[in-house]
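To start, the structure itself, in structure tokens.
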Amino acid sequence: MANCLLAIESTCDETAAAVVTDDGRVLGECIATQTELHEQFQGVVPEIAARAHLERILPVIDTAMRQANISKDDLAAIAIATHPGLPGSLLVGLSVAKGLALAWRKPIVGVNHVQAHIYACGIGKSESIFPCIGFVVSGGHTNLYHCTSPAEWTYIAGTIDDAAGEAFDKVAVMLGLPFPGGPQLAKLAEQGDPTAIAFPRPLLNDKSNLDFSFSGLKTAVRYRIAGTGKQIWGPSLLTPKHQADIAASFQQAILDCLIGKSIQAVKRYEMNRLCVGGGVASNHQFRNQLAQACKHAKVELHIAPPELCTDNAVMGALAWEKIKRGQFDSLDLDVQPGLLRRR
Ligand code: KG4
Ligand code: ZN
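Counting in this note's numbering, the sequence shown runs from -13 upward without gaps.
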């Protein structure tokens, strides 16, 4: 019996394909990034992203299939991330997935990209990561889920404004750092003092809910860069030391909120297991500090390996959970763009 899955990912600006077995072995993988296309705009331009996916998606799938050294006959299904994401980007992936499913006579399985980020923690592990509190920290999402099984995800809380990665990216622009901002800001923060500036930790001590809020923190950074009452502002007016201190202090404020709230969620739901994925989870400081905090709080931590934190197709292995339950989709499957923060 065929035990390989072809997973396709095109939700934002990464075009990716992977061949993953039902026991989590990655036989082939290819990711085409679009950094050079978006950097002059300091953010992802949806129309450019969709056009680039169209050019790249077939060579990317071909590369993953060749690397896996399998034929279409070895495939049990084709998995495609259908939500959430940029509409044009999602449509390119879904259209190609449907075309291949039809031509190769394979079933198609739609995957939730946000849940897949969390599922990445457990791929290839012999023990299940479920039940757990799932935490996705990416460019579009900062969501906590109560996950009783790989098929049951209940949204607990999330950001009420900016996502953590979005705040990293926007503050990076304020500091004049190149795109993509998150990793650049993290690099600059290594040279700064995280205690230099007491930026706010929004909602951290609000015990009434587990939500996050980062837009006020972002504004606090903007005023710190501008200086009170100054008409002209910009990172060029700051010394390199001051820039690094702002980066480090901002990063620490975000990390304190992410770590504090996720551990609160684990305690509140008495789960004792935290599973974390998404682009921001590749941040070294976050990984180290969260590991220490979990050890101290006696919480079992699973954090996706750095290469599976940022967008990739391997995490589409989540589709195996639907395949095992006989939950295939039809060719009527559609994309669900938007942030869908509460799903
Ligand atoms: O999961 P991902 O690749 O795409 C989304 O689904 O959003 O996450 C991308 C986000 C971006 O905001 C990026 O700046 C952020 O993750 N990111 C980081 C780091 N690496 C990626 N943020 C902070 N530190 C990093 N090392
Ligand atoms: Zn993502």
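We put the beta carbon where it would ideally sit given N, CA and C, even for glycine.
Among residues of its own chain, excluding the 5 on either side of residue i, which ones have a beta-carbon nearer than 6 Å to its beta-carbon?
i    : result
P93  : A63, F314
A2   : E(-5), I17, N298, A299
T380 : Since the first residue of the chain shown is -13 and the last is 329, residue 380 is not available in this structure.
I109 : G10, A303
G74  : P32, A36
Taking the continuous alpha helix (DSSP H) assigned at residue i, which residues delimit it?
i    : result
H24  : 21 to 24
F353 : An answer regarding residue 353 cannot be provided, because it is not within the stretch -13 to 329 covered by the chain.
A175 : 167 to 175
L40  : 32 to 54
G102 : A small correction: the amino acid at residue 102 is Ala; Gly does not occupy that position in the sequence shown. Per DSSP, A102 belongs to the alpha helix (DSSP H) from 99 to 105.
G29  : From DSSP, G29 is part of no alpha helix (DSSP H); its letter is neither H nor E.
V354 : Any property of residue 354 remains undetermined from this structure, which presents the chain solely from -13 to 329.
I309 : 305 to 310
A67  : Premise fails: A67 lies in the beta strand (DSSP E), 61 to 69, not in any alpha helix (DSSP H).
Looking at C-alpha atoms only, which residue of the options is the closest neighbour of residue i?
i    : options                : result
Y131 : K308, G108, A230, V252 : V252
G125 : P180, V30, P136        : V30
Y255 : D231, S268, V285, W90  : V285
N55  : V78, A230, G14         : G14
R273 : K281, A283, I289, H282 : I289
A283 : G246, Q271, L319       : G246
G264 : A89, C107, D179        : C107
D48  : L86, Q177, I104, C280  : L86
Q271 : M257, L287, G162, D242 : D242
C295 : K281, N269, C280, A279 : N269
P180 : M257, R208, A279, K227 : K227
K156 : M257, K281, Q28, T21   : Q28
Suppose contacts are defined by Cβ-Cβ distances below 7 Å. Is residue i in contact with residue j by that definition?
i    : j    : result
K396 : A153 : What the structure shows of the chain is the stretch from -13 to 329, and residue 396 is not part of that stretch, so it cannot be assessed.
L171 : A233 : yes
L190 : D197 : no
L76  : P323 : yes
S235 : I309 : no
I146 : S194 : no
A175 : Q237 : yes
L287 : Q229 : no
D231 : G168 : no
W90  : K58  : yes
With a CB to CB cut of under 7 Å and the five nearest residues on each side skipped, what residues in its chain are close to residue i?
i      : result
E25    : P164, F165
A137   : E307, R311
N(-11) : T7, D8, A62
T140   : Y131, H132
V78    : S(-4), A36, H39, L40, I43
T128   : G144, T145, A149, A150, F198
A279   : I245, I249
G71    : T(-3), C(-2), H99, P323
R208   : M160
L23    : I34, A38
R210   : I183, I232
V321   : T68, H69, P73, L76, L77, L80
M257   : P117, C118, I119
L224   : I211
P292   : S268
Using 8 Å for Cβ pairs, my map puts residue i next to residue j. What's the rounded Cβ distance?
i     : j    : result
I115  : V82  : Rounded, the Cβ-Cβ distance is 30 Å, inconsistent with contact.
A150  : I240 : 6 Å
T19   : L319 : With 8 Å as the limit, T19 and L319 do not qualify as a contact, their Cβ atoms being about 26 Å apart.
L(-9) : A305 : 6 Å
V97   : I66  : 7 Å
H103  : M301 : 6 Å
M51   : V12  : With 8 Å as the limit, M51 and V12 do not qualify as a contact, their Cβ atoms being about 13 Å apart.
What residue range is occupied by the uninterrupted beta strand (DSSP E) comprising residue i?
i     : result
T225  : Looking at the DSSP string, T225 is not in any beta strand (DSSP E), and its letter there is neither H nor E.
R259  : 259 to 263
A201  : Before going further, note that residue 201 is Ser rather than Ala in the sequence given. Taken as a continuous stretch (DSSP letters only), S201 belongs to no beta strand (DSSP E), being part of the alpha helix (DSSP H) at 201 to 212.
A277  : Unbroken run through A277 is the alpha helix (DSSP H), 270 to 283; no beta strand (DSSP E).
S135  : 128 to 135
L294  : Neither: L294 is in no beta strand (DSSP E) and is coded neither H nor E.
V122  : 118 to 123
A4    : 0 to 7
L287  : 286 to 289
G74   : From DSSP, G74 is part of no beta strand (DSSP E) but of the alpha helix (DSSP H) over 73 to 90.
Y141  : 138 to 144
I(-6) : -10 to -5
For residue i, I'd like the list of residues in its chain whose CB is within less than 8 Å of its CB, leaving aside the five on either flank, ordered along the chain.
i    : result
S248 : I119, F121, L130, L260, V262, L276
P186 : G202, L203, A206, A239
Q217 : For Q217, the pLDDT reaches just 49, beneath the cut-off of 50, and the residue's location in the model is therefore unreliable, although a value from the coordinates is still provided. Hits under 8 Å: none found.
V46  : T1, A2, A3, C16, I17, A18
L317 : K84, A87, L88, I94
Q53  : V5, L13, G14, E15, C16
Answer yes or no: does any C-beta atom of chain C fall closer than 7 Å to that of residue i?
i    : result
V207 : Looking for chain C here will not work: only one protein chain is present.
(message) Using a strict less-than 5 Å threshold between each residue's beta carbon and the heavy atoms of ligand 4, what residues do you get?
(response) Ligands in the displayed structure: ligand 1 and ligand 2; ligand 4 is not one of them.
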